[in-house]
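Student: I am attaching a structure below and will ask some questions about it afterwards.
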Amino acid sequence: MNAPLPLACFDDARALEQIGAQWDRDIVAQLAQYIGVPAKSPMFDPQWAEHGHIEAVVRQAADWVLAQKVPGLTLEVVRLPGRTPVIFFEVAATRAVPAGSNVAQPTVLMYGHLDKQPEFAGWRSDLGPWTAKYEDGKLYGRGGADDGYAIYASIAAIAALKSQGLAHPRIVGLIETCEESGSFDLLPYVDALKPRLGQVALVICLDSGAGNYDQLWLTTSLRGNVTGTLKVEVLTEGVHSGDASGVVPSSFRIMRQLLDRLEDSATGRLLPAQFHCEVPPERLQQAQVTAQILGDELFKRFPWAHHDCAGSTLVTLPVTGDPLQALLNRTWRPTA
Ligand SMILES: [Zn+2]
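Going left to right, the sequence shown walks through residues 121 to 456 as this note's numbering numbers them.
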C-alpha cells in the first residue's frame, strides 16, 4: 500500500467536482427526504420519542453514511436514557503515531445537528416546511441548511480526501438532535463519549451563517446571551386602574427606568462597560474587508416593514447605515 500523500498535494478543483457531482446526484435527494420529516427539536415536540421523527432522520443519515463505505469509518447511534440520540462516527488517522511517542494523536471533531425549528408561518403559497422544493439552485424546506446538510458535507469532504489518497488526522463526528432546544442533551453525551473523542485539536462546527453564496465563510466570533426575568411589584394585589393610577406609581414606568440603566433607549447602546470588549485589531481589519464585500447585502437580507398610510410612508430604518458598523454591531458589540 502506498503511503498517504501530505495535504499539500490537495487538488481542490478535483474535490470540488467530485463533491459537486455527489451533491447533485445523491445528497440533494437525501436532504429532500430529510426535509419531509417533521423532526422538530424536543422543545417544540415534547413527544418526539413517540412520534419517531427524530429517530427517522437519525436512521436515514446513519444508513447513508454507512453506505458510503468510507475506509476506516465506524459509526454508532448513541443513546442515553431519556435523551435525544446522537450519531457518533470515527475515522482512523491515515498515519499512526509512532510507537513510544508521547505526543497524543490530535483529533478533528466535526459537529452538526439533525433536529429542526418548528414550521412557522409566512411560507410562499407553493412552499412549505415539510415539502422540499428545488428551484433555481436552492432547496426550500425546513432544516436543510440548519442543519441537515452538516453530516452529508462532513462525510463528502472526508471521502474527497480519501479518494485523493491524502493523509489526515483522526476525525470524529458528533451529530446531535437537541440543538434547537439549547443542546441540553449534548453535554451528557460529551461526558459519556469523552474517552472516544480523544485529544480534540480542531472543532469544525458546521452550523453557522454565510455572507453570500460566492465564497467560503468562516465564523470567527459568536455572541453569548444573558437572560433573566424582570419583575416590578408595586402592590400586593390588583386594584382598579382608575382608582390607583396617579397615586400608585406605574410599574411600567419603573420598569422603563430600570431598563434605562442597562440600555440607552435612544441609540440601543448597552451602558455597563462589562458587556463591552475591545475588538482585536485583526478582526477589525477583517470586518472592514467583509463590509466592502457585502455592502448593502448586510441590510437587504432582512424583511423590513414599511407601511403606506394617509399619504405618508412609515419605514423601519437600520440602527446604522454603515456596513462596517453594522457588522461590528452584530458580532462584537453587545445588544439588548
Ligand atoms: Zn443549527
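Backbone N, C-alpha and C define an ideal beta-carbon position, used for all residues, glycine too.
Computed from a predicted structure; not experimentally measured.
Pro401 by DSSP, collapsed to three states: which one?
Tutor: Note: Pro401 maps to helix in three-state DSSP.
Student: Per the DSSP calculation, Glu357 is bridged to which residue(s)?
Tutor: In the DSSP output, where bridge partners are listed per residue, Glu357 has none listed.
Student: Leaving out five residues on either side along the sequence, give the residues of the same chain with a beta carbon under 7 Å from the beta carbon of Ala287.
Tutor: Pro124, Leu125, Pro126, Leu127, Thr214 and Arg215
Student: Would you identify the three-state DSSP class for Gln394, choosing helix, strand or coil?
Tutor: The DSSP-derived three-state label of Gln394 is helix.
Student: What I want to know is whether the C-beta of Glu296 ends up closer than 7 Å to one or more non-hydrogen atoms of ligand 1.
Tutor: no
Student: How about the segment 143-154 and the segment 253-266: do they share at least three Cβ pairs that are nearer than 8 Å?
Tutor: yes
Student: Ligand 1 heavy atoms versus the CB of Asp165: any closer than 7 Å?
Tutor: no
Student: Extract the residue ranges of the alpha helix (DSSP H) inside the segment 139-171, only unbroken runs of 4 or more that lie entirely within it.
Tutor: 148-155 and 168-171
Student: From which residue to which residue does the beta strand (DSSP E) around Ala456 run?
Tutor: Here Ala456 belongs to no beta strand (DSSP E), and DSSP marks it neither H nor E.
Student: Measuring only from the beta carbon, is Asp305 closer than 7 Å to any heavy atom that is part of ligand 1?
Tutor: no
Student: Under the DSSP definition of a beta bridge, which residues are partnered with His427?
Tutor: Leu434
Student: Measuring CB atoms only, is the segment 271-279 touching the segment 228-244, in the sense that at least three cross pairs come out at less than 8 Å?
Tutor: yes
Student: Buried or exposed, going by whether 16 or more other CB atoms sit within 10 Å of the CB of Trp424?
Tutor: exposed
Student: Considering only the beta carbon of each residue, do Ile139 and Ala181 sit closer than 8 Å?
Tutor: no
Student: Beta-carbon distances below 7 Å to any heavy atom of ligand 1 define the shell here; list its residues in chain order, please.
Tutor: Residues with their Cβ less than 7 Å from any non-hydrogen atom of ligand 1, running along the chain, are His233, Asp266, Asp267, Glu299, Glu300 and Asp327.
Student: Could you give the residue range of the alpha helix (DSSP H) that holds Val178?
Tutor: From DSSP, the alpha helix (DSSP H) with Val178 extends over His173 to Ala187.
Student: Please state whether the Cβ-Cβ distance between Asp235 and Cys325 is less than 8 Å.
Tutor: no
Student: Tell me Arg290's beta-bridge partners as DSSP assigns them.
Tutor: Thr227
Student: Between Val354 and Val368, which are expected to be in contact by the criterion C-beta below 8 Å, what is the C-beta distance as a whole number of angstroms?
Tutor: 6 Å
Student: In this structure, how does DSSP classify Leu306 when only helix, strand and coil are distinguished?
Tutor: If DSSP states are grouped into helix, strand and coil, Leu306 belongs with the helices.
Student: On the criterion of 16 or more Cβ atoms from any shown chain inside 10 Å, does Ala300 qualify as buried, or is it exposed?
Tutor: Correcting the residue identity first, residue 300 is Glu in this sequence and not Ala. When all chains shown are included, Glu300 counts as buried.
Student: Please check the pair Gln284 and Arg450, which I expect to be a contact at CB under 8 Å, by giving their CB distance rounded to whole angstroms.
Tutor: The Cβ separation is near 38 Å, so there is no contact.
Student: Taking the alpha-carbon positions, what's the Pro158 to Pro166 distance?
Tutor: 13 Å
Student: Quick one: using the 10 Å Cβ neighbour count with 16 as the cut-off for buried, is Ile413 buried or exposed?
Tutor: Result: exposed.
Student: Starting from the C-beta of Pro226, find all residues in its chain whose C-beta is less than 6 Å away, skip the five residues before and the five after it, and write them out in chain order.
Tutor: Pro289, Gln319 and Ala321
Student: Quick one: what's Val198 bridged to in DSSP?
Tutor: Val206
Student: Counting C-beta neighbours from all protein chains within 10 Å, is the total for Thr410 16 or more, i.e. buried, or is it exposed?
Tutor: buried
Student: Arg203 to Asp305, Cα distance in whole Å?
Tutor: 6 Å
Student: Is the segment 238-257 touching the segment 308-319, taking contact as three or more C-beta pairs under 8 Å?
Tutor: Taking 8 Å as the limit for Cβ pairs, the verdict is that the segment 308-319 does not touch the segment 238-257.
Student: Between the alpha carbons of Leu378 and His426, how many angstroms are there, rounded?
Tutor: 31 Å
Student: Which one or two residues does DSSP pair with Ser370 in a beta bridge?
Tutor: Looking at the DSSP assignment, Ser370 forms no beta bridge with any residue, so it has no partner.
Student: Taking Tyr272 as part of the beta strand (DSSP E), name the residues at either end of that continuous run.
Tutor: Where Tyr272 is concerned, there is no enclosing beta strand (DSSP E), although the alpha helix (DSSP H) it sits in stretches over Tyr269 to Ser283.
Student: I'd like the span of the beta strand (DSSP E) that includes Leu259, first residue to last.
Tutor: Lys258 to Tyr260
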